[in-house]
Ligand SMILES: [Zn+2]
Ligand SMILES: [Zn+2]
């Protein structure tokens, strides 16, 4: 099969022939139809998230099951599925026993401890695959498996109540979905972005208000929840002032900057919440909004041969809003 292989730390991605894998016990083989690029692919290539090279990256995989391994009973050849980041875990530690596999130190991450989806075929543990709704195309589904899942998980984890206001900080690969999810769930939705050129698009996606920063947010009455979707904690720190009393900020983008909190947080009972992907019920819901036409993926598509160009676009933050390899 053809695959995009990262040969070494900081290596140049190269598309080459590698052996097609065969499913082991409890595994399925997917013929990949679409594979989204995530900024995390950059973090892994640069060694900021450790892996062993050579490595095929890609953790927004969707495709069709073409072979099943021993012991697989709930999936069959022909099923359309996608695979999230956490594919398997030890099953024995405290966090696995509590049903919180995202905290398992032995977890197997797609494209990190396994070969990922920037390839014609990929193995996956059958139990973690999610069936795709019939009317959702592969290109629409792929970015939901990381970007959509992450942002909807974060919104759910903030536990917003009726009448609360949600602000989305950053309108990139996660943020443009955050605006749509918040609106689809019925919340008054505010986008925080410095990009004047994104204002019309963000309003078309469902934002009721668009402000430049925390001060702008405060001036229009503030928000109860801020989803910090970008990679800048400087921007997140600046946005904290726009939280209303009992407000929550959800951090979901990785940053090397520290978050700065002032003692205003005490008087306001501000909560800072870290969040990744909080369980498959949120993945189910994230896909269901796409199936209902309430959330739409906006992506640039590339062929597998052209993946280096897609990676460059992601690296420079130029992809609008996601780069997806379509097979
Ligand atoms: Zn990702
Ligand atoms: Zn475990």
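Numbering (the working numbering), first residue to last: 89 to 415.
Note that beta-carbon positions come from the ideal geometry of N, C-alpha and C, so glycine has one too.
Note that the structure is predicted; figures quoted are calculated from it, not measured.
Enclosing beta strand (DSSP E) for residue i [first to last residue]
i, result
"residue 121", "115 to 125"
"residue 176", "174 to 176"
"residue 355", "Careful: residue 355 lies outside any beta strand (DSSP E), inside the alpha helix (DSSP H) at 352 to 356."
"residue 297", "297 to 299"
"residue 411", "410 to 414"
"residue 395", "Here residue 395 belongs to no beta strand (DSSP E); instead the alpha helix (DSSP H) covers 395 to 403."
"residue 149", "149 to 156"
Endpoints, the alpha helix (DSSP H) within which residue i is located
i, result
"residue 287", "287 to 293"
"residue 389", "No alpha helix (DSSP H) contains residue 389, which is instead part of the beta strand (DSSP E) from 387 to 390."
"residue 304", "302 to 307"
"residue 271", "263 to 272"
"residue 322", "321 to 327"
"residue 235", "235 to 245"
"residue 182", "182 to 185"
Cβ distance (whole Å) where residue i is taken to contact residue j below 8 Å
i, j, result
"residue 119", "residue 158", "Not quite, the Cβ-Cβ distance comes to about 20 Å (not below 8 Å), so this is no contact."
"residue 213", "residue 122", "Actually they are not in contact, since the Cβ atoms of residue 213 and residue 122 sit about 20 Å apart, beyond 8 Å."
"residue 345", "residue 321", "4 Å"
"residue 200", "residue 132", "6 Å"
"residue 266", "residue 216", "Contact doesn't hold; Cβ gap of about 24 Å is too wide."
"residue 125", "residue 399", "6 Å"
"residue 210", "residue 172", "Between residue 172 and residue 210 the Cβ distance is about 13 Å, and since that is not below 8 Å, they are no contact."
"residue 386", "residue 408", "7 Å"
"residue 300", "residue 279", "Between residue 279 and residue 300 the Cβ distance is about 10 Å, and since that is not below 8 Å, they are no contact."
"residue 229", "residue 383", "About 11 Å; that fails the 8 Å criterion."
"residue 149", "residue 166", "About 17 Å separates the two Cβ atoms, so there is no contact after all."
"residue 379", "residue 223", "6 Å"
"residue 269", "residue 240", "5 Å"
"residue 102", "residue 93", "6 Å"
"residue 261", "residue 410", "5 Å"
"residue 291", "residue 311", "Not a contact, Cβ separation roughly 17 Å."
Strand pairing of residue i, partner residues [DSSP]
i, result
"residue 336", "313 and 359"
"residue 255", "278 and 314"
"residue 212", "116"
"residue 204", "According to DSSP, residue 204 bridges with nothing at all."
"residue 229", "Its beta-bridge partners do not exist; DSSP assigns none."
"residue 371", "DSSP, once it has assigned bridges, lists no residue as partnering residue 371."
"residue 90", "105"
"residue 196", "176"
"residue 163", "According to DSSP, which records beta bridges pairwise, residue 163 is partnered with nothing at all."
"residue 170", "150 and 218"
"residue 143", "94"
"residue 331", "311"
Query raised in the report: So which residues put a beta carbon under 5 Å from any heavy atom of ligand 2, going in chain order?
Result: 177, 178, 181, 184 and 192
Query raised in the report: Can you pull every residue whose C-beta falls closer than 6 Å to some heavy atom of ligand 1, listed in chain order?
Result: Per the CB criterion, closer than 6 Å to any heavy atom of ligand 1, the qualifying residues run in chain order as 126, 128, 147 and 234.
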